[in-house]
Each structure stands twice: as C-alpha cells, then as structure tokens.
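Note that the protein sequences, when read in sequence, are chains A and B.
Okay, so the first sequence: first residue is 1 according to the numbering used here, each after it adds one.
Okay, so the second sequence: first residue is 334 according to the numbering used here, each after it adds one.
So the structure is just underneath, and the comments pick up after that.
Number of protein chains: 2
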Amino acid sequence: MSNSKVINLKRRPSGTPTLADFEFTTAEVPTVGNGELLLRTTYVSVDPYLRGRMNDVPSYIPPFELGEPIASGVVAEVLESKHDKFTKGDYVTGSLAWKETQVAKPDGLIKIDPKQAPLSAYLGVLGMTGLTAYFGLTEIGKPKAGETLVVSGAAGAVGSVVGQIGKILGLRVVGIAGTDEKVEMLKSDFGFDAGINYNTTDDMTKAIADACPDGVDIYFDNVGGPISDAVLFNINKFSRTINCGAISVYNNTELPKSISVQPFLVRNSSLMQGFIVFDYADKYPAGIKQLAEWLQQGKLSNTETIREGFDNIPQAFLDLFDGKNTGKMVVKI
Amino acid sequence: MSNSKVINLKRRPSGTPTLADFEFTTAEVPTVGNGELLLRTTYVSVDPYLRGRMNDVPSYIPPFELGEPIASGVVAEVLESKHDKFTKGDYVTGSLAWKETQVAKPDGLIKIDPKQAPLSAYLGVLGMTGLTAYFGLTEIGKPKAGETLVVSGAAGAVGSVVGQIGKILGLRVVGIAGTDEKVEMLKSDFGFDAGINYNTTDDMTKAIADACPDGVDIYFDNVGGPISDAVLFNINKFSRTINCGAISVYNNTELPKSISVQPFLVRNSSLMQGFIVFDYADKYPAGIKQLAEWLQQGKLSNTETIREGFDNIPQAFLDLFDGKNTGKMVVKI
Chain A
1 MSNSKVINLK RRPSGTPTLA DFEFTTAEVP TVGNGELLLR TTYVSVDPYL
51 RGRMNDVPSY IPPFELGEPI ASGVVAEVLE SKHDKFTKGD YVTGSLAWKE
101 TQVAKPDGLI KIDPKQAPLS AYLGVLGMTG LTAYFGLTEI GKPKAGETLV
151 VSGAAGAVGS VVGQIGKILG LRVVGIAGTD EKVEMLKSDF GFDAGINYNT
201 TDDMTKAIAD ACPDGVDIYF DNVGGPISDA VLFNINKFSR TINCGAISVY
251 NNTELPKSIS VQPFLVRNSS LMQGFIVFDY ADKYPAGIKQ LAEWLQQGKL
301 SNTETIREGF DNIPQAFLDL FDGKNTGKMV VKI
Chain B
334 MSNSKVINLK RRPSGTPTLA DFEFTTAEVP TVGNGELLLR TTYVSVDPYL
384 RGRMNDVPSY IPPFELGEPI ASGVVAEVLE SKHDKFTKGD YVTGSLAWKE
434 TQVAKPDGLI KIDPKQAPLS AYLGVLGMTG LTAYFGLTEI GKPKAGETLV
484 VSGAAGAVGS VVGQIGKILG LRVVGIAGTD EKVEMLKSDF GFDAGINYNT
534 TDDMTKAIAD ACPDGVDIYF DNVGGPISDA VLFNINKFSR TINCGAISVY
584 NNTELPKSIS VQPFLVRNSS LMQGFIVFDY ADKYPAGIKQ LAEWLQQGKL
634 SNTETIREGF DNIPQAFLDL FDGKNTGKMV VKI
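Shown next, in the form of structure tokens:
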C-alpha cells in the first residue's frame, strides 16, 4: 500500500481558471484486483476542452466532480498487471486521472509501441490531437486539391497538424496565430503558405482576403470570436467551416456575442459543423494508421511543448489560454 | 407597338424599403423577334430574398440595377409565340420583369399546366417556395421519422410547407410565428404539433424546451436573430440547422450580432448549413413530381395571400416584412 500525488478540482473556475481552482493532495493507491493494472503516469496531456468539463454544465462528456481528480489523456507505464492482455513494462494511453500512480481497468486504454514513435506522440499527432485534426479536416472539410484552407489557432496542437495535413492534401494553407515567432514557424516548420499575426493586424478581414486571393473554401476554427467573424467575410460559395473549438470565448462569464453567421451561410450556401473526435471513434484505427504513415514518411512532424513535473500540470493547462504552447502541450512526469 | 406598365428600382433602400424606393413608369413593348414570346403577366411572386438584390452587394444573384425593372418569379400567358415549343394560350413560369407585358426569350421558362394545379401554385408549393422547403428539409435536414423539427417563420410561404412536409415524413413539428391567429392556423390548417407566438412569449428558450420535450433535432431557420438564438439552447447532439433565410436582420443597416453559435455547434456536434434552391437545380423535376403528388393526395395545401393589381406589387413586397402574409404572397394582375 502506497500513497500517490493527486490533483483534484477544488472549485469551478469563474472565467479564466487560476491555480486556486486546483487542489494538490495525496491518496492511497489500492491493491491491484483481478483484471486491473497498476499504472505509473509518464506523460499528461493538457487541452483547452478540459475547461468545459470544469463547469457544471451537461456536455458531450460529464463535468468533473468537485473534490475529485481531473482526468485527461495520459501515457502510463504498467507497473503490475492482473489482466492477461497486459504485462509489466507495457505502455498504455487513454483517459486517466491526474495521479502519479493509479489502479485502473484497461477499458478504453490502448497499448502503444515506444519503438514506433516517441511516447509523447501518442498524446499528440498519433493521439486525440492528430485524430481531431485528421477527422475534422477530412470528414467535415472534404478538401479538394487546390482549395484554400484557413486555420485559426494554427500554431496550437490541433492547428499545426491541420495545416500539415492540408499541405499533404494539396491545399493552399493560411494560418492565424498570435506572435510573429509562431507565424514564422507555421511557414518554416509546418509548410504553411502564409500566416497572419492577429495581435499585430488591424484589419483581419483584409489580411485574410490578401492571404487568400481565391477566397476561403475551408476554415478550421479553433478559436471562435472576432477572428472567426473576420473569416466569414471571406468565405466562398459552398465553403465549409469546421468548428473544433472556441478557445477565445471559453472563459467568458457572459454569453459571447458575435456577428450573426446566418446571413453569411445563406448567401454562400455555406456549412458550419461542430464535432468532437469521439464522433469518429469507429474510424480511429484507420486514422492512426494514416497519421503514423505520414509521420514515418516525414510528411508530418510531432511538435510539442513539454513541461516537466507532476506539480506543474495545472500551470501548463493555464498557459494554454495565454498561447504559451507551440503544438501539443504535454507534461512529462 | 404598345406600352406596358413597368416597376423599376428607383433607389437602393436604406434599412426597411418604402414605396419611394420604387418607380412606376411605362415602357414600349418591342415587336416579337424569332425565338421570342410576347407574355402577359398573370401572377407575380414577392419574396424576402428580393430585398438582398436591392443592395449593391455581390451575392448569389446579381443586384438589381437602378432605374431598371425589378424581376421575380412570374406566371405569364403567351400572347404571341415565335418559338416552336410554345403557342398562344400557353402558360409559363420563371424569372421575369415586373412588367404588365413583355417580350422574352423562353430560356429558363417552364411551360405549366393550369389543369394540374391553380396557376398561382406554380409560384408557391410547386414553385421555388415548395422546392426550397423540400430540398432544404430533405437534403440538409436529413430527417428521420420520430425526430423533432422546429420551423421559424412557420406561417410564411416556405415555413408552412416545411411543416407539412415534416408531418408527411413522420416528424414532431413545432412552429414559431408572430400572432395567435397564425399559431392556431399552424395547428388547424397545416397539422403542426405545437406552435409558439414569439410576440407574446417572454422566455423563448423555455417555450421551445417545453414544446420539444426530446430537444430539437432539426431547425429550419427562416428568420435568424433572437428566435434562432433561443433555439440554440435546445439543440440536440448531431442536430441540423437549415439556414434558409434571416428575414429578421435583412433590413438592419448595421451588421447584426447574435449569440456566438460556435460553442453550441462544438458542444453538440451540430451542423448549420445555408442554401438557396438553385443549388439543387438538377433535382427540380424530381422535387416538383414529389410535391405535385402530395398536393394531389391532399397531404399538402397551397396556402396563399393573394393581392390584386399590378400597382400593388411593391406594397405586397413591403408587407412581407410586417408578416402580413399567410403562406405564399402573390399578386394577381
């Protein structure tokens, strides 16, 4: 019997979360029962969608309970197995609690191969992040070579993969990000055709028009808010907007208002569709296969911001809202 | 050589159009050339989308020219034909100028049968109105029997047909309209399951929730604005919103703002899609066939508000924005 560090949700954040919303504590690790695994956390994924689960609002996944551990995508090492499909030394990934050590049933956990790719990639380009980019762009965006794709939050975890897949599929790809360094990196590291720094651009509508001389056919929207309003003025007939997230408004305490999208959609016979990656769960194996192939061919890079230390998980999460990550933010334990 | 009354666009309306935006004049009717028809206007369709063409803004159809006749859906009698597919006494429908008499090439005109249905029905349930309802609901809404459909502008031309088709396809149908009389008529004449008068309802979000105990699977949106905001709070996972029009904001002189739809779409994996009926032009024959069949079976009614007199066309158009029509507004000449 041993103890493990645990991070609980202490209170529901009002607006932007702070460290005071989290509780650092310890809990006893139970003994491993039949069919269970003892797991040591290796990498923890922090993601903007977790903010939604901190509210007491029904959504696609239930809210976190107050005083209970937060959970997210985790890579863990099997320390002890009482399940016949897993052995000591295996690595697994799936949704697990923010605990240094825990006992869990392997339902929903996938065994992963540290030789095929670095372990952290399974939280990034080969994990929910990569699959979100892949299914959103291909299933909703329905890209055709030669079309123009705009990506907001382009230097973020999902956005940077979306842009790379866009290039693989023959699109003109324009990324929107918040610093000159990120914009430069979109072009130098990820092969974007153009980038826009929304923090130094007065007229986003015009900047998007300039970067997209043939208009916008596909918009992969990670942010919502004023940036997405500006894209609306540039959408083409039959364009598709993929609503992946709305990080710009997640911390609003009042219901956010934007330009009415309806007249733009009517005028352009245009589509907007929200999704979460779980909608495509039955296609995960095909998605991972395609992404792993591109990764091994060097067409896709796994860009990460890695923080270290269990105690730094909450701060890494908070930093997402200040755009301090480039690519996928993970915490190495 | 004779003269014909004509209605031109005199100036581009600012906000809500007024009679002063129209010019009543006369023009010479040219002689009929080879391949042309001399046509006498019998019925004129007035439609909210014409408001958009009065602005000098590029859209799916070009704007009207100042000092030139307005055009809309028209039923006309052939007075003289120099085209081998048409003879004197035929009736045709298509987009024609607001002129009592005109000479036109028959490109885009369809010959119609006054024995199959009343002539005005070809501007309504068998015309663009019916096809708009049919293709929007079936192609974008993808209805499944047992689902719940909400229709805004439900007593209007398109909305009343949408609701009826919804009932034919086995949906629970809830309509939103602006008077108690209209709400009553939705239920008594069109078979809607429930109706909401938005002018006498304080809490639209709650009223929609009450009328849709299983949530909203399909929203056929003719209005945009606050009514559509209220629907958002009630949409189901994988719901579809059909953006057919946004009459509530067409006359706004400032860019209208609404609740940001993006977080709702993400949270519910929900779709919104705009369209115009021309997107489905290759399927018109199949659509008209289906609608005519339902009309003849008595499953679908052609509800009209008929005004009389060429000079009353502009007023009939203006009255659309005050909701003075029930079903399709047409002017009999």
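Glycine included, each C-beta is placed from N, C-alpha and C at the ideal position.
Out of the options, state which residue places its alpha-carbon closest to the alpha-carbon of residue i.
i                 : options                                   : result
ILE165 of chain A : A:SER120, A:ASP193, A:GLU68 and A:GLU181  : A:ASP193
LEU318 of chain A : A:SER2, A:HIS83, A:ASN8 and A:LEU19       : A:LEU19
PHE64 of chain A  : A:PHE22, A:ASP203 and A:TYR280            : A:PHE22
GLN449 of chain B : B:SER485, B:ILE621, B:GLU641 and B:ALA614 : B:ILE621
PRO589 of chain B : B:ASP380, B:ASN532 and B:ASP562           : B:ASP562
GLY558 of chain B : B:SER572, B:SER485 and B:LYS477           : B:SER485
SER634 of chain B : B:LEU370, B:VAL379 and B:PHE523           : B:PHE523
ILE313 of chain A : A:ALA121, A:GLY215, A:TRP98 and A:ARG240  : A:TRP98
GLN290 of chain A : A:GLY52, A:LEU169, A:LEU149 and A:ARG40   : A:LEU169
LEU9 of chain A   : A:VAL32, A:MET54 and A:LEU38              : A:MET54
ILE333 of chain A : A:ASP113, A:GLY309, A:ALA316 and A:ASP279 : A:GLY309
LEU653 of chain B : B:ALA490, B:THR636, B:TRP627 and B:ARG345 : B:ALA490
ILE560 of chain B : B:ASN576, B:GLY368 and B:ALA614           : B:ASN576
GLN595 of chain B : A:PRO263, A:LEU39 and A:MET272            : A:MET272
GLY73 of chain A  : A:LEU96, A:GLY89, A:VAL92 and A:GLY52     : A:LEU96
PHE264 of chain A : A:VAL223, A:ASP311, A:VAL231 and A:GLU77  : A:VAL231
TYR467 of chain B : B:ALA649, B:ALA478, B:ALA619 and B:ARG640 : B:ALA619
THR132 of chain A : A:LEU295, A:MET329, A:ARG307 and A:TYR280 : A:TYR280
LYS421 of chain B : B:LEU370, B:ALA437, B:THR359 and B:PRO451 : B:LEU370
LEU383 of chain B : B:TYR552, B:ALA579 and B:SER493           : B:ALA579
Grab the span of the beta strand (DSSP E) containing residue i for me, first residue to last.
i                 : result
PHE264 of chain A : From DSSP, PHE264 of chain A is part of no beta strand (DSSP E) but of the alpha helix (DSSP H) over 262-268.
THR200 of chain A : Taken as a continuous stretch (DSSP letters only), THR200 of chain A belongs to no beta strand (DSSP E), as it is neither H nor E.
GLN273 of chain A : 271-274
TYR552 of chain B : 549-554
SER591 of chain B : 590-592
SER152 of chain A : 148-152
LYS500 of chain B : Unbroken run through LYS500 of chain B is the alpha helix (DSSP H), 490-501; no beta strand (DSSP E).
Buried or exposed: where does residue i fall if 16 or more other Cβ atoms within 10 Å of its Cβ makes it buried?
i                 : result
ASN325 of chain A : buried
PRO188 of chain A : The question names Pro, but residue 188 of chain A is Ser in the sequence shown. Exposed, since its Cβ has fewer than 16 Cβ neighbours within 10 Å.
LEU66 of chain A  : exposed
GLY298 of chain A : exposed
PRO395 of chain B : exposed
PRO213 of chain A : exposed
ASP47 of chain A  : buried
VAL610 of chain B : buried
VAL483 of chain B : buried
THR303 of chain A : buried
ASN234 of chain A : buried
SER269 of chain A : buried
LYS182 of chain A : buried
THR148 of chain A : buried
ASP554 of chain B : buried
VAL57 of chain A  : exposed
PRO451 of chain B : exposed
Tell me residue i's beta-bridge partners as DSSP assigns them.
i                 : result
LYS332 of chain A : A:TYR43 and A:GLU308
GLY94 of chain A  : A:VAL74
ARG12 of chain A  : The partner list for ARG12 of chain A (beta bridge, DSSP) is empty, contrary to what the question assumes.
ALA527 of chain B : B:VAL507
PRO69 of chain A  : A:ASN8
LEU628 of chain B : Note: LEU628 of chain B sits in no beta bridge, so no partner.
GLN435 of chain B : B:LEU372
PHE571 of chain B : PHE571 of chain B is not bridged to any residue.
LYS111 of chain A : A:VAL92
GLU361 of chain B : B:ASN336
GLU413 of chain B : B:LEU371
ASN576 of chain B : B:ASP554 and B:GLY607
Any chance the CB of residue i is under 7 Å from a heavy atom of the ligand MG?
i                : result
ALA71 of chain A : Although the ligand MG was asked about, the structure shown includes no ligands whatsoever.
Which first and last residues belong to the alpha helix (DSSP H) in which residue i is found?
i                 : result
THR132 of chain A : 128-135
PHE654 of chain B : PHE654 of chain B -> no alpha helix (DSSP H), and no H or E assigned at all.
LYS182 of chain A : 180-188
ALA353 of chain B : Neither: ALA353 of chain B is in no alpha helix (DSSP H) and is coded neither H nor E.
ASP562 of chain B : 558-565
GLY52 of chain A  : 50-53
How many whole angstroms separate the CB atoms of residue i and residue j, which I take to be in contact at a CB cut-off of 8 Å?
i                 : j                 : result
VAL495 of chain B : LEU470 of chain B : 5 Å
THR638 of chain B : GLY660 of chain B : 6 Å
GLY427 of chain B : LEU412 of chain B : Not really, about 16 Å apart at Cβ, beyond 8 Å.
VAL75 of chain A  : THR42 of chain A  : 5 Å
ILE475 of chain B : ARG573 of chain B : It should be noted that the sequence gives Lys, not Ile, for residue 475 of chain B. The Cβ separation is near 6 Å, so the contact holds.
VAL507 of chain B : ALA542 of chain B : That pair is no contact at about 11 Å.
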